[in-house]
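First comes the structure, then the notes that go with it.
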Amino acid sequence: MIYSNFQNQQSVLPQVNILQVQNENYNKSLNLLNKFLFFNVQATDYLSQSQYKYILKVILGHEFDESILEQIFEQCLLNQKTQVLQNTNISQPQVRVQDFIEILLDAEKRLYQKAMHTQSAIQQYQIQKQQSEEIVRSTQNIQKNNFGIDQDSAVTVTVLEGIELYDEQGPNEVPFVQIQVGKNIQKTTGNVNISKIDGLNVFQWGQSLVFPVEMGSEEIYVDVFSFDTALNQNFVVGKFSIELKELQSQNQVDQEYTLYNNLGIVQNQKKLKLSIQYIFDKQLYNEQIYERISTYLEELNSDVIDFNSDLEIIKELYQAQIPANVNPYDVQIQLQEAREELEKEQTKHISQDIWIVYFLSLGFVGVALLKNLTFYGMLDLILSIFILKGFWLNYFDLVNLKSNMYCLVLGSIFDVLNLMIYNSGLWDEKDRVYLTQIQGSSSGQFVWSILMVWISLFYKIVLFLALNYVKYIYNRDQQYAFGYDVFSSEGIHNNPFIVRDMRYFDRMRQKKQQMKMMQQSQIIQGYYQKQQQALMVSQNAGYKNNNNINNSNINAQNQQNLQRSYQGSFY
């Protein structure tokens, strides 16, 4: 993986010339950009992954590694250098050509660094492997005792920390831990650090105690005491025990243990964290270490092969020459069809999502009309028409969307207040009769009015959620508005409510191309103006005696500088 996390190793990379690397990167960028320009693809154009795959296949004459391409697109997405067009089923991110080349060069740099780091790590682990092999040979003659374990078997217990050891700690109480293995008893010494972590009182020791083991069936007895310095007396905080048979892996085990009181009742909040390692067969233990080092070395060697293979694939892009039989117009036709397909997919996606809100808004108009016949529904009627305004005018922008959501919240609050007043009994029978007389209905229909308030409230909640989903589409696709043209942060897309033929898209592309040409002409004019101003300043400063300068050389140099400024750098 190009962008996967790599374990840091202490290694020294070879010294490189930064200017030389920058020049190489510039040449590589220019090389790739010229190959894209051969197909009339500009540096600022956006292409999808399938389009890049097709172009790279034409350049190389064979398929480009799809895993590398996927990683590059993922990195572009993380760097927010994509323009995402989505439909209901698939996601089609588009990446600008210059960003694609920049990420490709960065991928090559990362692969080179990973290959160098991995090779350095291989050298270090080879030394450790040799040392481990010597240790395995030196431990072959260790004698076993009558219980089948090494004569110098030992268990190392590191007391890390205690958690909530006191219900209420007195000012003179100092906790300590006493551990017994067989006949050997040891306890922690020195000061204990007390801190507050996540609202819990934590007592930290960090002391290691080593106990010899004779039979291998012993138990580790752990007692936590509190020493009262004023009374010069120990009080039991809690205790527990661990059997050595549970530690047969010989690996280090870090675990929290719950304390029990003298009656054997568990104290859930009081815990002690220990790190325990029991080694009873040094030869087996060292052989396991040797096997782990060997396995890790094989993985590192495999990684180096993968890194170098990916580097060769990327380098092939710079070295490859476009075949002479390739017709750039055929490639342009393929890319054009792919762009049109993406535009259709985006239109389909936006239409499906927005039309849901459209039909909900129409339904809200009907609910508001029914409510207006029985209760105070004019506010809902105005609100529903205000929401539909965005569809009727083909303009449904983000500000309009948020204002609709705020109005829905206010309308819902109004309905809730009416229901609270109705349920509280503040409306007596006279008020109800008066209200029904105004509405021109009977007293029995008043219940229908309240029911319409409930229906309206429910419909507002559903419509609010639908509008919130539309707002999510705005934020996801980084679009400003659904209008006559859907303006996004990186270009212009078609309106989902207006059907146009492909001539519209051709006109839009021609318009964008004209804008590019105008920008380029402005850059050229600005450059020549700066050159003329610099020439006038030099003449006024007293450099008139340099009339022997060849004007043709100046023009040639200006053309070269202009070409460099026009081509630009990706860094």
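Quick note on numbering: the sequence shown equals residues 1 to 571 in the UniProt record's numbering.
For glycine and all other residues, C-beta sits at the position ideal for the given N, C-alpha and C.
Quantities reported herein were computed from a predicted structural model and do not represent experimental measurements.
| query | Quick one: Cα of GLU74 to Cα of VAL253, how far? | reply | 38 Å
| said: For ALA368, which residues in the same chain have their Cβ closer than 6 Å to its Cβ, ignoring the five residues on either side in sequence? | reply: GLY377, ASP380, LEU381, SER384
| said: DSSP three-state label for ASP198, please. | reply: coil
| query | Under a three-way DSSP split, which group does GLU164 fall into? | reply | coil
| Of the listed residues GLU168, ILE455, LEU231, nearest to SER412 (C-alpha basis) | ILE455
| message | Please list the terminal residues of the continuous beta strand (DSSP E) segment that includes GLU173. | response | 173 to 181
| query | Which whole-angstrom value describes the C-beta separation of PHE211 and PHE225, a residue pair presumed to lie in contact below a C-beta threshold of 8 Å? | reply | Not a contact, Cβ separation roughly 18 Å.
| field | Residues near GLN250 by beta carbon distance below 8 Å, same chain, minus five either side | value | GLN277, TYR278, ILE279, PHE280, ASP281, LEU284, TYR285, GLN288
| query | Closest to LEU297 by CA distance: which of GLN128, SER217, ASN232, PHE38 is it? | reply | GLN128
| field | Alpha carbon of ASN172 to alpha carbon of LEU200, nearest angstrom | value | 20 Å
| message | So, for ASP65: in the same chain, excluding its five sequence neighbours on each side, which residues have a beta-carbon less than 8 Å away from its beta-carbon? | response | ASP310, ILE313
| query | Under 8 Å between the Cβ atoms of VAL181 and VAL159? | reply | no
| request: Name the residue from GLU70, TRP205, LYS187, ARG96 whose alpha carbon lies nearest to the alpha carbon of ILE220. | output: LYS187
| Does DSSP put PHE225 in a helix, a strand or coil? | strand
| field | DSSP state of GLN94 mapped onto helix, strand, coil | value | strand
| So who's on the other strand from GLN277, going by DSSP bridges? | THR156
| field | Other residues of its chain near ILE461: CB distance less than 6 Å, five sequence neighbours each side excluded | value | none
| What three-state label does DSSP hand GLU299 in the structure shown? | helix
| What are the start and end residues of the alpha helix (DSSP H) that includes GLU246? | Note, GLU246: premise wrong, no alpha helix (DSSP H); not H, not E.
| task | Report the rounded CA-to-CA distance for SER132 versus ASP223, giving the unit in angstroms. | result | 37 Å
| message | According to DSSP, simplified to helix, strand and coil, what is ASP65? | response | coil
| request: Tell me THR258's beta-bridge partners as DSSP assigns them. | output: LYS271
| query | When the distance is taken between beta carbons, is LYS273 closer than 8 Å to LEU259? | reply | no
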